[in-house]
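Just below is one structure, and these are the notes that go with it.
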Amino acid sequence: MMTFTATGTMAEQQTAADKAQVLDYRDIFELEYAASPRLSPDGQTLVYERRSMDIMSDGTRTNLWQVDIKGNNHQPLLSGKASYRMPRFSPDGKRLAYISSVEGKSQLYVRWLDSGQTARVTNLLQAPGDISWSPDGKWLAFSMFKKGKGSTLFKDMPEKPKGAKWAGKAKYIDSTIYRNDGSGYAKTGYSHLYIVPANGGTAREITGGNYHHNGNISWSADGEQLIFSADRNDDWEYRPLESDIYQVSVTDGSIKALTSRSGPDTRPVISPKGDKIAYLSFEDTKMSSQNLDLYVMDKDGSKAVNLTEKLDRNIQDLQWATDGKGIYISYDDHGQRKLSYVSMSGKRRELDIKLGGLFLGRPYTSGNFRAGKNGSIVYTKGDTSRPSDLVFRKRQGHETVLTRLNEDLLGHKSLAEVKALTVKSSVDGRDIESWIALPPGFDAKKKYPLILEIHGGPHAAYGPNFAAELQLMAAKGYVVVWANPRGSTSYGKDFANLIHHDYPSKDYNDLMDVVDGVIAQGYVDEQALFVTGGSGGGVLTAWIVGKTDRFRAAVVVKPVINWLSFSLTADYYPYFSQYWMPGKPWEQVEHLWQHSPLSLVGNVKTPTMLMTGEQDYRTPMSETEQYYQALKLQKVDTAMVRIPKASHGIYARPSNFIQKVGHILAWFEKYRAADSEQANKEG
Numbered sequence: 001m002m003t004f005t006a007t008g009t010m011a012e013q014q015t016a017a018d019k020a021q022v023l024d025y026r027d028i029f030e031l032e033y034a035a036s037p038r039l040s041p042d043g044q045t046l047v048y049e050r051r052s053m054d055i056m057s058d059g060t061r062t063n064l065w066q067v068d069i070k071g072n073n074h075q076p077l078l079s080g081k082a083s084y085r086m087p088r089f090s091p092d093g094k095r096l097a098y099i100s101s102v103e104g105k106s107q108l109y110v111r112w113l114d115s116g117q118t119a120r121v122t123n124l125l126q127a128p129g130d131i132s133w134s135p136d137g138k139w140l141a142f143s144m145f146k147k148g149k150g151s152t153l154f155k156d157m158p159e160k161p162k163g164a165k166w167a168g169k170a171k172y173i174d175s176t177i178y179r180n181d182g183s184g185y186a187k188t189g190y191s192h193l194y195i196v197p198a199n200g201g202t203a204r205e206i207t208g209g210n211y212h213h214n215g216n217i218s219w220s221a222d223g224e225q226l227i228f229s230a231d232r233n234d235d236w237e238y239r240p241l242e243s244d245i246y247q248v249s250v251t252d253g254s255i256k257a258l259t260s261r262s263g264p265d266t267r268p269v270i271s272p273k274g275d276k277i278a279y280l281s282f283e284d285t286k287m288s289s290q291n292l293d294l295y296v297m298d299k300d301g302s303k304a305v306n307l308t309e310k311l312d313r314n315i316q317d318l319q320w321a322t323d324g325k326g327i328y329i330s331y332d333d334h335g336q337r338k339l340s341y342v343s344m345s346g347k348r349r350e351l352d353i354k355l356g357g358l359f360l361g362r363p364y365t366s367g368n369f370r371a372g373k374n375g376s377i378v379y380t381k382g383d384t385s386r387p388s389d390l391v392f393r394k395r396q397g398h399e400t401v402l403t404r405l406n407e408d409l410l411g412h413k414s415l416a417e418v419k420a421l422t423v424k425s426s427v428d429g430r431d432i433e434s435w436i437a438l439p440p441g442f443d444a445k446k447k448y449p450l451i452l453e454i455h456g457g458p459h460a461a462y463g464p465n466f467a468a469e470l471q472l473m474a475a476k477g478y479v480v481v482w483a484n485p486r487g488s489t490s491y492g493k494d495f496a497n498l499i500h501h502d503y504p505s506k507d508y509n510d511l512m513d514v515v516d517g518v519i520a521q522g523y524v525d526e527q528a529l530f531v532t533g534g535s536g537g538g539v540l541t542a543w544i545v546g547k548t549d550r551f552r553a554a555v556v557v558k559p560v561i562n563w564l565s566f567s568l569t570a571d572y573y574p575y576f577s578q579y580w581m582p583g584k585p586w587e588q589v590e591h592l593w594q595h596s597p598l599s600l601v602g603n604v605k606t607p608t609m610l611m612t613g614e615q616d617y618r619t620p621m622s623e624t625e626q627y628y629q630a631l632k633l634q635k636v637d638t639a640m641v642r643i644p645k646a647s648h649g650i651y652a653r654p655s656n657f658i659q660k661v662g663h664i665l666a667w668f669e670k671y672r673a674a675d676s677e678q679a680n681k682e683g
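Quick note on numbering: UniProt numbering labels position 595 of the sequence shown as 595, and the sequence is numbered without any gaps.
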């Protein structure tokens with residue numbers, strides 16, 4: 001006889017939760033976090049982006065705030081309904097460049113910090129990005145998309161009569177990369193580099209050609225060259241990971257390649273003395289997960305040296321120490337983002353610093369940092385109970401917390417306690433790391449329903465980081481577990497590539513081992529197991545319900561259901577077909593079908609809800625619709641939720657974040673309640 005042993009009815013649990021003041025849906029609009037800190041050249045003050053949710057515009061508001069390194073004088077610098085972002089101090093520290101939409105379209109501005117006076121520097125038709133000051137402070141470099149003339153073929157369309165209402169002009173598309181998730185169908189044109197006088201004036205285009213030039217921009221020490229990364233090969237659309245480092249003359253636009261190799265050479269940063277260039281790179285082997293290493297070369301592109309050859313981790317960011325004697329790098333390790341200092345000889349010293357807090361929804365690795373004088377560092381710090389705040393580290397053991405942005409919201413609430421759990425994989429005995437969120441008011445003597453939440457990627461990593469989605473689940477009375485099965489990053493390239501051309505596969509076994517490990521703790525109701533995940537996690541959720549009936553209900557979010565159809569409908573298909581698949585889809589039909597969750601749909605009995613953004617081009621809605629129709633034909637309990645105005649990043653709008661979590665929990669409650677009623681009848 002089935003028994004239901006959760007902690008009471010939903011209403012009773014909600015009453016208890018109200019008394020405990022747990023996180024609720026409306027609280028999502030009140031969350032905020034610190035990001036992108038910038039230290040002043042004198043090392044005494046920093047400016048950062050304070051990001052908060054705007055309940056009226058249903059988006060993220062970014063303002064600029066400042067605070068000194070002792071945590072005093074915390075005040076707004078540029079604040080309001082408009083966006084203020086990407087702060088950059090001038091070399092002398094007397095001015096601050098930034099981008100804002102305060103006057104409509106995004107433009108480049110400069111603020112004189114002593115007087116508070118601000119000048120609009122540009123009058124651009126497209127939004128600028130990647131701001132960089134010249135060494136003498138007289139110029140600003142930036143990137144910007146330059147629209148081109150669209151292709152046309154049919155030129156004999158009859159003239160429309162006055163007052164007629166025709167359907168509109170047809171779109172003629174002949175480019176390989178013709179749409180991008182989050183921005184829609186691509187406009188004709190290319191991103192180029194520009195410079196403009198820092199006191200305002202006419203922006204001048206520096207690069208040209210039918211190539212994209214954007215990302216990190218670095219000036220040569222004499223201010224005569226811009227250093228950047230791009231793929232200037234005519235076949236660039238078919239080379240999704242390729243790029244080299246170039247220098248371009250700001251005087252005549254002449255371009256010289258500084259690197260030339262197979263794979264990405266990216267994020268070039270000139271040394272403080274101007275004699276070296278640090279950058280990230282790897283030799284492309286077409287594996288689905290590859291690690292960027294730290295390289296340093298002379299400014300002319302010669303004598304390139306790999307400084308992190310022995311570090312089996314993917315480097316996320318780099319920054320020169322102010323004395324030019326070494327470089328700070330960040331990378332993910334065992335589910336957390338860490339910092340190290342690398343000397344010019346390649347000796348690496350790991351710092352006792354863990355970054356985090358930039359993902360509000362799910363517990364992905366993240367974090368920003370900036371290095372200052374004498375080894376000081378400011379960084380974003382988060383944990384399982386808070387999104388990111390800023391911490392200033394003067395030296396080891398001497399840290400000052402500069403912000404506490406969410407104490408007013410979260411300080412009086414009862415949040416889920418998070419514990420780590422490592423299990424042995426039943427496949428090969430490897431350690432599989434996971435984390436468990438226990439509901440507020442947790443009582444180990446009681447039995448709780450369990451939600452397995454699976455990360456996307458699939459080459460990504462969860463960790464002991466803040467996650468409002470999981471906190472909301474715990475607040476509703478669920479134990480929640482998340483894990484890094486094989487294929488996850490932060491454990492080395494071999495662990496990540498265990499699923500190379502074999503996904504999904506044994507990662508399923510790892511996840512089931514994690515579920516068994518939580519059940520073994522003794523506080524989980526084995527008859528009330530639930531599973532969900534998004535993107536790569538959606539793939540695995542659909543795979544799981546095709547493999548087992550142990551879960552009471554499932555929610556498959558923005559999945560790939562059929563690798564054959566996905567490979568030719570997703571926006572980034574030149575990459576997926578080269579790195580995730582052993583060949584073109586029509587050459588690998590059997591292989592792709594064997595790894596498609598749709599191939600297992602005949603086994604599914606678990607009630608399964610599907611959810612995807614209506615503007616998702618990464619895992620298109622057609623994938624969701626295939627599975628929905630297949631489940632209907634199988635007469636499996638199913639439903640489809642279409643999130644409005646949402647791309648693959650559903651969280652871009654707070655209301656969509658709430659709708660996502662709300663629908664997941666409502667679906668689980670529907671089948672949890674049904675089990676309870678059945679158990680009562682049988683009892």
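Glycine residues also receive a C-beta, built at the ideal position from the N, C-alpha and C atoms.
Computed from a predicted structure; not experimentally measured.
Secondary structure of residue i, DSSP reduced to three states
| i | result |
| --- | --- |
| Thr266 | strand |
| Pro585 | helix |
| Ile55 | coil |
| Asn562 | coil |
| Asn368 | coil |
| His663 | helix |
| Ile177 | coil |
| Ala673 | helix |
| Ala474 | helix |
| residue 692 | What is shown of the chain runs 1 to 683, which leaves residue 692 out entirely. |
| Ala496 | helix |
Residue i classed as buried or exposed, judged by whether at least 16 other C-beta atoms fall within 10 angstroms
| i | result |
| --- | --- |
| Trp586 | exposed |
| Ser345 | exposed |
| Ala35 | buried |
| Pro158 | exposed |
| Val604 | buried |
| Ser302 | exposed |
| Asp333 | buried |
| Ala11 | The predicted model places Ala11 with a pLDDT of 47, which falls under 50 and marks its position as unreliable, so this point remains unresolved. |
| His412 | exposed |
| Asn374 | exposed |
| Phe154 | exposed |
| Trp219 | buried |
Expected contact under 8 Å - CB spacing of residue i and residue j to nearest Å
| i | j | result |
| --- | --- | --- |
| Tyr617 | Asp252 | The Cβ separation is near 39 Å, so there is no contact. |
| Pro197 | Pro135 | Going by Cβ atoms, the distance from Pro197 to Pro135 rounds to 15 Å, so no, they are not a contact pair. |
| Tyr328 | Phe359 | Not quite, the Cβ-Cβ distance comes to about 22 Å (not below 8 Å), so this is no contact. |
| Ser434 | Val423 | 7 Å |
| Glu407 | Val661 | Actually they do not touch by this definition, with Cβ atoms about 23 Å apart. |
| Gly357 | Gly43 | Not a contact, Cβ separation roughly 23 Å. |
| Thr619 | Leu610 | Thr619 to Leu610, Cβ: 11 Å. No contact. |
Whether residue i touches residue j by CB criterion (7 Å)
| i | j | result |
| --- | --- | --- |
| Ser143 | Gly129 | yes |
| Ser577 | Ser567 | yes |
| Tyr462 | Gly335 | yes |
| Glu205 | Tyr194 | yes |
| Met297 | Ile315 | no |
| Ile69 | Phe392 | yes |
| Asp525 | Lys446 | no |
| Ala86 | Ile55 | Correcting the residue identity first, residue 86 is Met in this sequence and not Ala. No; because the gap between Cβ atoms is not below 7 Å, this pair is not in contact. |
| Leu31 | Leu472 | no |
| Tyr523 | Ala416 | no |
| Arg337 | Thr380 | no |
| Ala460 | Ser289 | no |
| His500 | Pro582 | no |
| Ser229 | Ile245 | yes |
| Gly208 | Tyr651 | no |
| Ile200 | Ala119 | Here residue 200 turns out to be Gly, not Ile, going by the sequence shown. Yes, these two residues count as a Cβ contact at 7 Å. |
Cutoff 7 Å: residue i Cβ touching any chain C Cβ
| i | result |
| --- | --- |
| Pro272 | Of the protein chains in the structure, only one exists, and it is not chain C. |
Open item on the list: My parser needs the beta strand (DSSP E) runs of 3 or more residues fully inside the stretch 111-143; what are they?
Closed with: 118-120 and 128-133
TODO: Enumerate, from N- to C-terminal direction, the unbroken beta strand (DSSP E) stretches of 3 or more residues contained entirely within the stretch 189-219.
DONE: 189-197
TODO: May I have a chain-ordered list of the beta strand (DSSP E) segments no shorter than 3 residues that lie completely inside the stretch 505-569?
DONE: 524-534 and 553-557
- [ ] At 3 residues or longer, and completely inside the stretch 418-461: list those beta strand (DSSP E) runs for me, N to C.
- [x] Complete beta strand (DSSP E) runs here, min 3: 431-438 and 448-454.
Task: 3 or more residues per run - each beta strand (DSSP E) lying fully within the stretch 575-623 - done: Entirely contained in the stretch 575-623, the beta strand (DSSP E) runs reaching 3 residues are, in chain order, 608-613.
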